[in-house]
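The structure appears right after this line, and notes come after that.
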Amino acid sequence: MVLEEFSQNFYQLEHNSKEMTQKSANHRVAIIEHKSIICSGYSAVFHIHAAAVEVQLKKLITLIDRKTGERTQEHRRFIKHNQVAIARFELTQSDETISMEPFKRFPQLSHFMLRDEVMVEPLLLVKFLK
2 MVLEEFSQNF YQLEHNSKEM TQKSANHRVA IIEHKSIICS GYSAVFHIHA
52 AAVEVQLKKL ITLIDRKTGE RTQEHRRFIK HNQVAIARFE LTQSDETISM
102 EPFKRFPQLS HFMLRDEVMV EPLLLVKFLK
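Its first residue numbered 2, the sequence shown is counted upward by one per residue in my numbering.
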């Protein structure tokens with residue numbers, strides 16, 4: 002990956018890897034505010050910098066302790082307010098793909114947000130793990 006700054010606050014990314022463009026990926030999510038539980042099948046709008054696409058939660062992989070960062074419970078059925086989890090999200094539109102940088106490779110470009118259709122405030126903060 003080559004990062005070139007061509008103007009203040011604008012960057013050009015170049016890489017040959019196809020792994021960055023995909024329809025589904027595992028993400029670390031922290032639920033900031035949500036009134037009910039979130040489980041497989043949950044749909045939301047995935048805000049990726051200037052883009053917004055619809056996604057669906059396909060699988061909750063593990064729950065993570067907020068203080069230690071360690072995995073605590075595998076294969077959870079749901080997550081709720083103030084919990085952190087690793088989850089698999091998939092785009093709902095079959096012809097769409099999104100480009101993402103893994104957190105380890107480029108932390109500034111790996112933070113995203115999920116919003117519920119009725120909520121104005123962000124529900125989840127997301128890190129693309131890869």
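Beta carbons are placed, not taken as given, at the ideal position from N, Cα and C, and that holds for glycine.
Within a Cβ cutoff of 8 Å, which residues of the same chain sit near Thr73, ignoring the five residues on either side of it in sequence? Sequence-distant Cβ neighbours of Thr73 in its own chain, meaning closer than 8 Å and more than five residues away, are Thr63, Leu64, Ile65 and Asp66.
Once DSSP output is grouped into helix, strand and coil, what is the label at Ser8? Note that Ser8 has pLDDT 42, beneath the 50 cutoff, so the model's placement of it is unreliable and the number below is only indicative. Ser8 sits in a strand when the DSSP states are folded into three classes.
Measure the Cβ-Cβ separation of Val46 and Phe90 and say whether it is below 9 Å. No, they are not a contact pair.
Cα-Cα separation between Gly70 and Lys36, rounded to whole angstroms: About 24 Å.
Tell me the rounded alpha-carbon separation between His28 and Ile87. Each residue's Cα considered, the two are about 5 Å apart.
Starting from Thr63, trace the beta strand (DSSP E) in both directions and tell me its first and last residue. Where Thr63 is concerned, the enclosing beta strand (DSSP E) stretches over Ala52 to Ile65.
Spatially closest choice to Leu97 from Gly42, Ser41 and Ala52, by CA coordinates: According to the sequence as given, residue 97 is Glu; it is not Leu. When each option's Cα is compared against that of Glu97, the closest is Ala52.
In the DSSP assignment, the beta strand (DSSP E) including Glu71 goes from what residue to what residue? It is not in any beta strand (DSSP E) - Glu71 carries neither H nor E in the DSSP assignment.
On the DSSP bridge assignment, give the partners of Glu91 in chain order. In the DSSP secondary-structure assignment, Glu91 is bridged to Ser25 and Gln57.
With distances taken Cα to Cα, identify the nearest neighbour of Gln84 among Ser25, Ala26 and Ala31. Looking at Ser25, Ala26 and Ala31, the one whose alpha-carbon comes closest to that of Gln84 is Ala31.
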